[in-house]
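Student:
2 protein chains.
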Amino acid sequence: MAPSMKDVAERAGVSVGTVSNVLNRPDRVAEATKAQVLAAISELGFVRNSSAAQLRAGTSRSLGLIVLDLANPFFHDVARGVEDVAEDAGYAVVLCNSDEQAHRENRYLQVLEEQRVRGVLITPVEVGSERLDALRRRGTPTVLVDRHDPNVNCCSVAVDDVAGGQLAGACLLDRNEHRRIAYVTGPLKIRQCADRLNGLRLAAKEAGLDPDEAITVVEMPALNARTGYEAASRLFRDGTDITAAFCANDLLALGVLRAAVSTGRQVPDDIALLGYDDIDFAADAAVPLSSVRQPRRQIGRAAAQLLIEECDNPITHAHQQIMFRPELVTRESTGG
Amino acid sequence: MAPSMKDVAERAGVSVGTVSNVLNRPDRVAEATKAQVLAAISELGFVRNSSAAQLRAGTSRSLGLIVLDLANPFFHDVARGVEDVAEDAGYAVVLCNSDEQAHRENRYLQVLEEQRVRGVLITPVEVGSERLDALRRRGTPTVLVDRHDPNVNCCSVAVDDVAGGQLAGACLLDRNEHRRIAYVTGPLKIRQCADRLNGLRLAAKEAGLDPDEAITVVEMPALNARTGYEAASRLFRDGTDITAAFCANDLLALGVLRAAVSTGRQVPDDIALLGYDDIDFAADAAVPLSSVRQPRRQIGRAAAQLLIEECDNPITHAHQQIMFRPELVTRESTGG
DNA sequence: AAACTGGGCTGGCACGTTTCAGTGATCGGG
DNA sequence: CCCGATCACTGAAACGTGCCAGCCCAGTTT
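Residue numbers (my numbering), protein chains in the order written: chain P, 973 to 1308; chain Z, 973 to 1308.
(1) In the structure shown, what three-state DSSP assignment does Glu1086(P) receive?
(2) How many Å lie between Asp1167(Z) and Gly1137(Z) at the Cα?
(3) Quick one: any contact between the segment 1200-1215 of chain P and the segment 1167-1185 of chain P, if contact means 3 or more CB pairs under 8 angstroms?
(4) Please report how far the alpha carbon of Val1190(P) lies from the alpha carbon of Gly1200(P), in whole angstroms.
(5) Is the beta carbon of Gly1227(P) closer than 9 angstroms to that of Arg1198(P)?
(6) What residues from the segment 1078-1093 of chain Z come within 8 angstroms of chain P, judged by C-beta to C-beta, listed N to C?
(7) Quick one: what does DSSP say Cys1143(Z) is sitting in, helix, strand or coil?
(8) Pick helix, strand or coil for Gln1292(P), following the three-state DSSP scheme.
(9) Identify every residue that forms a DSSP beta bridge with Ser1263(P).
(10) Mind listing the chain Z neighbours of Leu1300(P)? Cutoff is C-beta to C-beta under 8 angstroms, in chain order.
(11) Within 9 angstroms of any Cβ in chain Z, is that where the Cβ of Val913(P) sits?
(12) Name the residue from Ser1034(Z), Met973(Z), Arg1303(Z) whose alpha carbon lies nearest to the alpha carbon of Thr1031(P).
(13) Quick one: residues in its chain with C-beta nearer than 7 angstroms to the C-beta of Tyr1016(P), no 5 flanking neighbours on either side, listed in chain order?
(14) Which complete beta strand (DSSP E) runs does the segment 1163-1228 of chain P hold, if anything under 3 residues is left out?
(15) Does the segment 1107-1118 of chain Z come close enough to the segment 1279-1298 of chain Z to have 3 or more Cβ pairs within less than 8 angstroms?
(16) From the DSSP output, read off the bridge partner residues of Ala1130(Z).
(17) Spell out whether any CB of chain P is found under 9 angstroms from the CB atom of Asn1221(Z).
(18) From this set, Leu1229(P), Leu1084(P), Val988(P), Arg1151(P), which residue's C-alpha is nearest Thr1215(P)'s C-alpha?
(19) Could you work out which residue in Ala1135(Z), Arg1237(Z), Leu1261(Z) is closest to Gly1307(Z) when comparing CA atoms only?
(20) Suppose the cutoff is 8 angstroms on Cβ atoms and the five residues either side in sequence are ignored; what does the same chain contact list for Asn1170(P) look like?
(21) According to a CB-to-CB cut-off of less than 7 angstroms, which residues of the segment 1165-1195 of chain P neighbour chain Z?
(22) Could you check what DSSP says for Gly1307(P) in three-state terms: helix, strand or coil?
(23) Applying a beta-carbon distance threshold of less than 7 angstroms, which residues of chain Z neighbour Ser1205(P)?
(24) Name, please, each residue of chain Z whose Cβ falls closer than 9 angstroms to the Cβ of His1150(P).
(25) With a threshold of 7 angstroms on Cβ separation, who are the neighbours of Val1019(P) within its own chain once the five nearest residues in sequence on each side are excluded?
(26) Less than 9 angstroms between the C-beta atoms of Gly1053(Z) and Arg1273(Z), yes or no?
(27) Across the segment 1021-1041 of chain Z and the segment 1087-1106 of chain Z, are there enough close Cβ pairs to call them in contact, namely three or more that are closer than 8 angstroms?
(28) Over what stretch of residues does the beta strand (DSSP E) that includes Thr1157(Z) continue unbroken?
(29) Using DSSP bridges, identify the partner residues of Ala1064(Z).
(30) When the cut-off is 9 angstroms and only beta carbons count, does Met973(P) lie next to chain Z?
(31) Among the residues of its own chain, which have a CB less than 6 angstroms from the CB of Met977(P), if the five just before and after it don't count?
(32) Any idea if Asp999(Z) is buried or exposed, counting beta-carbon neighbours within 10 angstroms, 16 or more meaning buried?
(33) Along the chain, where does the alpha helix (DSSP H) that runs through Leu1116(Z) open and close?
(34) Name the chain Z residues whose beta carbon is nearer than 7 angstroms to that of Pro1045(P)?
(35) Using three-state DSSP, classify Gly989(P) as helix, strand or coil.
(36) For Asp1249(Z) versus Gln1266(Z), is the C-beta distance shorter than 9 angstroms?
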């Protein structure tokens, strides 16, 4: 068994209370005594038992963060933002990966609640999770990340995907004066995919174009590079007057790029390309890829700030729904 | 305050011990009583306090995993492997990201020890960490991941980088009969970079070539795509008879690929390319990239198995050093 | 010299759970 | 009718820490 404060106290010839004071309020202990206790601690290799401390304290200094996929750079950067803020506020962060599986999400919610975390940041697999609602009802503050709550009964932080689509459309239609563009996307039942299309259509209208005419929607079953390659292959095979493609994420765009390179097309001269997310590889692609960037780390920071604010002032706290605006990053794939 | 077992017991009209039995040994409780207790639990929204449980138990059912960078797909997949095995054995995994900073690593080691995790899996920032050694001396089993312990006093799992370099060399020199190749690498003081070069030289000798003549080493200060681009730009500018490049990781290779595409060179006809790590983007690059793949998930699984074995049989346990062999994945960038 | 002050320490309770010895109650067998 | 066995439950101790009331004593004030 690991040595306890009692062992330390005996060795140092003091009481347990004094050992506790050395650890938690060192200024209340005389120098000589403190030195003795510290010596005993290091000789015995004492390490505090945080279970006991937390049990006694009745509350922990930690937050839970449940994301859909830690491998996804979006969530990874969100997590960094959360850690930044949490660390400054003296909170620890427990990282959980739901893998988009509801049962994993529920298990983690259970574990976090058993650990008595002070609050939870989560991108739920599905909206309206019963388990999550129960947690909130029992008094654990909750913040939604990259989601919004239709009935505002918790804070949330998300990004305006309509604005992102509009930004992309303005770049291709206004600035570079493309007239026929493709929107390569995953399933339109995914809100992000649909929102970005809506933004794109808005941009077309603003450019004085008929969206139905100017935009060819290529809806694919997934959002990865292979799917992008297939979409582009189909597009190229059918022959088309399209001169630009806006893709619902960078992976699709990289797939389109590969199809272009392998069929000898020049980017951006034969076809301009615009992605979404600005993943690391966008800048390093064979033709550096223009993209719509979301303020990922800031999202995490804002979410953590909201949560900590609610944890620290549960009474005066008012729920907020924060919406960030994305930003356009232009590189070679859309020309000058 | 969250309701405790005492509250549940009062509401159900039973003793605390019975509530505990309902939760932990339901077969020892009569059906009628069990139903009453479960009803009380759900009415009060009782959730067990794991701090108290763990304090009483004296031991936890969890493992710590400290990696250098969770954004790196290598560690991400290792973590998945660890979770696979841990879950089956009924252990929870606490994920920690040291970010290659010794002070973060030390802080996490402290936290894990305070939480009384049963064992720790770690890729240490530096070998010979005093804090890690102390943890081990105090009796917490430890497994090194992607590292070896010179004095075998703990288990470890790593990959044979010399074999990986040799595999790469055999592919380019034997199979595709290149005679002058470049090795684009990060700092050679990084063991992995140096080992892969040694393997490559071995392959050259086996092909009956003089390594110094056949291999041009391009040592760069970093291992990212931009650096690869710069390395290739330099190589191309100087004019050279090199027909293939082996890169110490895929990011460098992607940078070289971009330099090739932007200067109108054909891959693999003008220059063949071979990377290392087989990251997701390797297959989706503008020219799909051949690469040396490490059995990442398996590494995690093996490490977790060793650790759990040691946790469960601390006495009979004998330390093991496992070395995996990497595997060659050929795609278009090295031709047929 | 007595009363007061306060720094420095002690001792014991409380946190919520698990576990185990012990208490009745019920039942079958002799 | 009694005994032992079995079953379902109770009550209390223990885990290690944090906190607080209270004690002691040295130094200062009245």
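Ideal Cβ positions, reconstructed from N, Cα and C, are used throughout, including at glycine.
Tutor: On the basis of the data shown:
(1) helix
(2) 7 angstroms
(3) no
(4) 10 angstroms
(5) yes
(6) Gln1082, Val1083, Glu1085, Glu1086, Gln1087, Arg1088
(7) helix
(8) coil
(9) Gly1247(P), Val1301(P)
(10) Chain Z residues near Leu1300(P): none, gap ~21 angstroms exceeds 8 angstroms.
(11) Residue 913(P) lies beyond the stretch modelled for chain P, which goes from 973 to 1308, so this question has no answer here.
(12) Met973(Z)
(13) The amino acid occupying residue 1016(P) in the given sequence is Leu; Tyr does not appear at that position. Closer than 7 angstroms at the Cβ level, and outside the excluded window around Leu1016(P), lie Pro975, Asp979, Val980, Arg983.
(14) 1187-1191, 1216-1219
(15) yes
(16) Met1295(Z)
(17) no
(18) Arg1151(P)
(19) Leu1261(Z)
(20) Val1134, Gly1137
(21) none
(22) coil
(23) Those do not exist, as Ser1205(P) stays about 14 angstroms from chain Z at its closest Cβ, beyond 7 angstroms.
(24) None at all; the shortest Cβ gap to chain Z is about 22 angstroms.
(25) Ala974
(26) yes
(27) yes
(28) 1153-1157
(29) Ser1034(Z)
(30) yes
(31) Val988, Val991
(32) exposed
(33) Note, Leu1116(Z): premise wrong, no alpha helix (DSSP H); beta strand (DSSP E) at 1114-1117.
(34) Ala1043
(35) helix
(36) yes
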